[in-house]
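K.L.:
Residue numbers (our numbering): 211 to 525.
#1: Out of curiosity, what's the CA-to-CA distance linking residue 430 and residue 440?
#2: Distance, Cα to Cα, residue 279 vs residue 329?
#3: Taking only three categories from DSSP, how would you classify residue 387?
#4: Please state whether the Cβ-Cβ distance between residue 238 and residue 269 is less than 8 angstroms.
#5: What is the C-beta distance between residue 292 and residue 236, in whole angstroms, given that I count them as a contact (C-beta under 8 angstroms)?
#6: Is residue 476 helix, strand or coil by DSSP?
#7: Which complete beta strand (DSSP E) runs does the region 313-370 hold, if anything under 3 residues is left out?
#8: State whether the region 301-310 contacts the region 469-482, with contact taken as three or more CB pairs (one from each stretch) at a distance under 8 angstroms.
#9: Are the CB atoms of residue 428 and residue 384 within a distance shorter than 8 angstroms?
#10: Excluding the five sequence neighbours on either side, which residues of its own chain have a C-beta within less than 8 angstroms of the C-beta of residue 419, listed in chain order?
#11: Can you tell which of 403, 523, 488 and 512 has the C-alpha that lies nearest to the C-alpha of residue 321?
#12: Does DSSP put residue 497 in a helix, in a strand, or in coil?
#13: Throw me the rounded Cβ distance for the residue 228 and residue 318 pair, which I believe falls under 8 angstroms.
#14: With DSSP run on the structure shown, which of helix, strand or coil describes residue 230?
#15: Between the alpha carbons of residue 397 and residue 410, how many angstroms are there, rounded?
#16: Less than 6 angstroms between C-beta atoms, sequence neighbours within five positions excluded: which residues of the same chain meet that for residue 327?
#17: Is DSSP giving residue 423 helix, strand or coil here?
#18: Leaving out five residues on either side along the sequence, give the residues of the same chain with a beta carbon under 7 angstroms from the beta carbon of residue 445.
#19: With 16 as the cutoff for other CB atoms within 10 Å, does residue 379 come out buried or exposed?
#20: So does residue 504 have its beta carbon nearer than 7 angstroms to some heavy atom of the ligand FMN?
#21: Tell me whether residue 452 sits in a helix, a strand or coil according to DSSP, three-state version.
#22: Can you list, in chain order, the residues of its chain with a C-beta nearer than 7 angstroms to that of residue 474? Leave out the 5 residues immediately preceding and following it.
#23: Excluding the 5 residues preceding and the 5 following residue 230 in the sequence, name in chain order all residues of the same chain whose CB lies nearer than 6 angstroms to its CB.
#24: Opposite residue 269 in the DSSP bridges: which residues?
#25: Spell out whether any CB of chain B is found under 8 angstroms from the CB atom of residue 257.
#26: How many angstroms separate the CA atom of residue 224 from the CA atom of residue 283?
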């Protein structure tokens, strides 16, 4: 009997030590070549080194991110399928695009955050955020903004900011676009007055001297342009908004696998390879462990739901 107990005691750690015994799949809900794909691939490459098994990055696109997020949530919770979750998971269910919420995943680590910024053209009469805010208040409905589709992250960021500052969230007319790049072109051409987008997305025209960022919706300055004032420093508002990316697994992941993956992701986040890769592309880095990432996603979900309801866009 004693021998049997001893063998059982040895078996448990042996089973844990065996994970991973085969390749791991990292699902990306967005297309190849974008920021989420690039972030996933550097994490996958570094994770592969740390785990000693291949990590295969697979793009599962469609449904504004719903298809890929569903693929992660529906996979077996064994550690062999993980994924990169994005801010859209806190928006899609409010818009009726999916029933998935952040609670349908095992959070592992937040790895990236790029705050929303408001950018104007170099020729704009608004030279500061205070100038811009005064113009919005004085002329509700006159100014036009763009940066994403209707109900997209940057639309919600702008509307949520205005709402938090006690200004009607529709005081700026929002012109839908197929992303920040065409919106920035429209800004330079004088088609819109403001672009709401992340600083990395606005970077090319900012660096070319054709656009000027006036504020970032964050509590801390953005690493890419640290001199751009934060909304909190200018107004005291605690409203934050941005595109974030973190690694998740299906719900029900065994605790020992979660611990192993979380430790590996923290090691990756702290590595020079990861920091250099992200800074070289202008991407912001932000880390939260499993528990804090879960709380972060809950807050994002509540914020996005509240502003979608205010705008009458929640279903």
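For glycine and all other residues, C-beta sits at the position ideal for the given N, C-alpha and C.
P.N.:
This is what the structure holds:
#1: C-alpha separation (whole angstroms): 7 angstroms.
#2: So the two alpha carbons sit approximately 31 angstroms from each other.
#3: Coil, per DSSP.
#4: Residue 269 sits close to residue 238, with the two beta carbons spaced by under 8 angstroms.
#5: Contact holds; Cβ gap of about 6 angstroms.
#6: In the structure shown, residue 476 sits in a helix (DSSP, three-state: H, G or I).
#7: With a minimum length of 3 residues, the continuous beta strand (DSSP E) runs that stay inside the region 313-370 are 315-331 and 354-356.
#8: With contact defined as three or more Cβ pairs closer than 8 angstroms, the region 301-310 and the region 469-482 are not in contact.
#9: Taking C-beta atoms as the reference points, residue 384 and residue 428 fail to come closer than 8 angstroms.
#10: Spatial neighbours of residue 419 in its own chain (CB-CB distance under 8 angstroms, excluding positions within 5 residues in sequence) are listed in chain order as 332.
#11: For the residues 403, 523, 488 and 512, the minimum Cα distance to residue 321 belongs to 488.
#12: Residue 497: strand per DSSP, three-state reduction.
#13: The C-beta distance from residue 228 to residue 318 rounds to 20 angstroms, too long to fall under 8 angstroms, and the pair is not in contact.
#14: Residue state, collapsed to three classes: coil.
#15: Taking C-alpha positions only, residue 397 is separated from residue 410 by approximately 16 angstroms.
#16: Short of 6 angstroms from the beta carbon of residue 327, and not among the five residues preceding or following it, lie these beta carbons of its own chain, in chain order: 409, 423 and 426.
#17: The answer is strand: DSSP assigns residue 423 an E or B state.
#18: Closer than 7 angstroms at the Cβ level, and outside the excluded window around residue 445, lie 375.
#19: It counts as buried.
#20: Absence of the ligand FMN from the depicted structure is noted, as is the absence of any ligand whatsoever, leaving it without description.
#21: In the three-state reduction of the DSSP assignment, residue 452 falls in the strand class, which pools E and B.
#22: Once the five neighbours on either side are set aside, the close Cβ partners of residue 474 are 257, 260 and 261.
#23: Cβ within range, chain order: 261 and 263.
#24: When DSSP reads this structure, residue 269 sits in a beta bridge with 238.
#25: Note that chain B does not occur in the displayed structure, where there is just one protein chain.
#26: Here residue 224 scores only 40 on pLDDT, less than 50, and its place in the model is too uncertain to base an answer on.
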